[in-house]
Amino acid sequence: MQRMTGTELAAASDGLDAKVQATLELLRQSVKDYRKVVYASSLGAESIVLTDLIWTHVPQIEIFSIDTGRLHEETRSVLERLERRYQRRMKLYYPDPAKLESWVADNGINGFYNGLAQRQSCCHIRKVEPFQRAIAGADAWMTGVRHEQSATRALAKSVDFDATNGLAKISPILEWTHDDIWAYIRQHKLPYNPLHDRGYPSIGCAPCTRAVEPGQDGRSGRWWWENADSKECGLHPKIRIVALNTAKL
Ligand code: SF4
Numbered sequence: 031m032q033r034m035t036g037t038e039l040a041a042a043s044d045g046l047d048a049k050v051q052a053t054l055e056l057l058r059q060s061v062k063d064y065r066k067v068v069y070a071s072s073l074g075a076e077s078i079v080l081t082d083l084i085w086t087h088v089p090q091i092e093i094f095s096i097d098t099g100r101l102h103e104e105t106r107s108v109l110e111r112l113e114r115r116y117q118r119r120m121k122l123y124y125p126d127p128a129k130l131e132s133w134v135a136d137n138g139i140n141g142f143y144n145g146l147a148q149r150q151s152c153c154h155i156r157k158v159e160p161f162q163r164a165i166a167g168a169d170a171w172m173t174g175v176r177h178e179q180s181a182t183r184a185l186a187k188s189v190d191f192d193a194t195n196g197l198a199k200i201s202p203i204l205e206w207t208h209d210d211i212w213a214y215i216r217q218h219k220l221p222y223n224p225l226h227d228r229g230y231p232s233i234g235c236a237p238c239t240r241a242v243e244p245g246q247d248g249r250s251g252r253w254w255w256e257n258a259d260s261k262e263c264g265l266h267p268k269i270r271i272v273a274l275n276t277a278k279l
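Positions 31 to 279 (the numbering used here) are the ones given, in order, by the sequence shown.
Structure below.
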């Protein structure tokens, strides 16, 4: 988490109320427009904000997360703290055990380091397939991506159609900045993943995430051994800038 002085926090908050209101408007409109809306929480900083807005103001939206089996313990702890604070249960989805067992037998426990195809097939089993189960029966799914997070996310729209999965995709905090997110977390004293204080702006699975230097692209700590244009897990394929011939997400 970036430390801000009181003055910096106040400056960061300028315009934040309007963004909160716009986000709430979109959340409320989404439950009017779509019969079932689900939010895919990554348990990162953006998810903390959206979880607070949803569970406090628009609880009809179902929140789920995916326990890939390789998460940091800090990530699981923040989930527990959220559930205690709101007295709500976040639905968890897990990889198919048979598919996972077969993948590990073929590739090795850390086989995702061996190439893009192995990394993507691991992400498919641990994230994409559970995600597809989680959104089955929903009319819209919601994500916490922001425009400034990476080049691959800069083209995202607040309401879009996810052609891969055949339902609407809503991104209610696209315009929020990094400082907006942290100003909101601090204002509301929300629990968050302590790894953010140790240089992790974006947190995924433990073996595929590392801390970044101040000023580096927030996604550069994810799959750091790959090119920037391949750095998505398969849940946001449409907004890639460069299509990968080898991608099978
Ligand atoms: S982030 Fe790494 S460990 Fe997690 S699903 Fe993808 S390749 Fe596998």
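Glycine included, every Cβ here is placed at the ideal spot set by N, Cα and C.
- Relative to the ligand SF4, the beta carbon of Trp255 is positioned no closer than 8 Å to any heavy atom.
- Between the alpha carbons of Glu110 and Asp97 lies a distance of about 13 Å.
- For Ala198, the secondary structure class from DSSP, reduced to helix, strand or coil, is strand.
- Residues close to the ligand SF4 by the beta carbon criterion (under 6 Å to any non-hydrogen atom) are, from first to last along the chain, Thr98, Arg100, Phe142, Arg149, Cys152, Cys153, Arg156, Lys157, Gly234, Cys235, Pro237, Cys238 and Cys263.
- Assignment of beta-bridge partners to Ile93 by DSSP yields Tyr69.
- By the CB criterion at 9 Å, Glu103 and Val67 fall outside the cutoff.
- Judged by beta-carbon spacing, Tyr143 lies within the 9 Å limit of Trp255, meaning their Cβ atoms are closer than that value.
- Excluding its 5 nearest sequence neighbours in each direction, Val61 has C-beta neighbours in its own chain below 7 Å: Val67, Val88, Gln90 and Ile91, listed in chain order.
- Counting only runs of 4+ residues, the alpha helix (DSSP H) found wholly inside the stretch 187-256 occupies 208-217, in chain order.
- Looking at Pro127, Ser201 and Leu73, the one whose alpha-carbon comes closest to that of Glu113 is Leu73.
- Relative to Trp133, the option among Arg156, Gly251 and Gly167 whose CA is nearest is Arg156.
- Bounds of any beta strand (DSSP E) do not take in Tyr124, whose DSSP letter is neither H nor E.
- Per DSSP, reduced to three states, the secondary structure at Leu265 is coil, with no helix or strand assignment.
- By the criterion of a C-beta distance shorter than 8 Å, Pro221 is surrounded in its chain by Ile78, Val108, Arg111, Leu112 and Arg115, once the five residues flanking it on both sides are discounted.
- Distances from the CA of Thr173 to each of Ser95, Asn140, Pro125 and Asn223 were compared; the closest alpha carbon is that of Ser95.
- The beta carbon of Val189 sits closer than 6 Å to those of Ile200, all from its chain and outside the five residues before and after it, given in chain order.
- Taking 9 Å as the cut-off, the beta carbon of Asn195 is found no closer than this to the beta carbon of Ala75.
- Per DSSP, reduced to three states, the secondary structure at Ala147 is helical.
- Residue environment analysis places Pro160 among the buried positions, since at least 16 neighbouring C-beta atoms fall within 10 angstroms of its C-beta.
- Cα atoms of Arg65 and Gln162: separation of roughly 18 Å, rounded to the nearest angstrom.
- In this chain, Ala166 is not harboured by any alpha helix (DSSP H), its DSSP state being neither H nor E.
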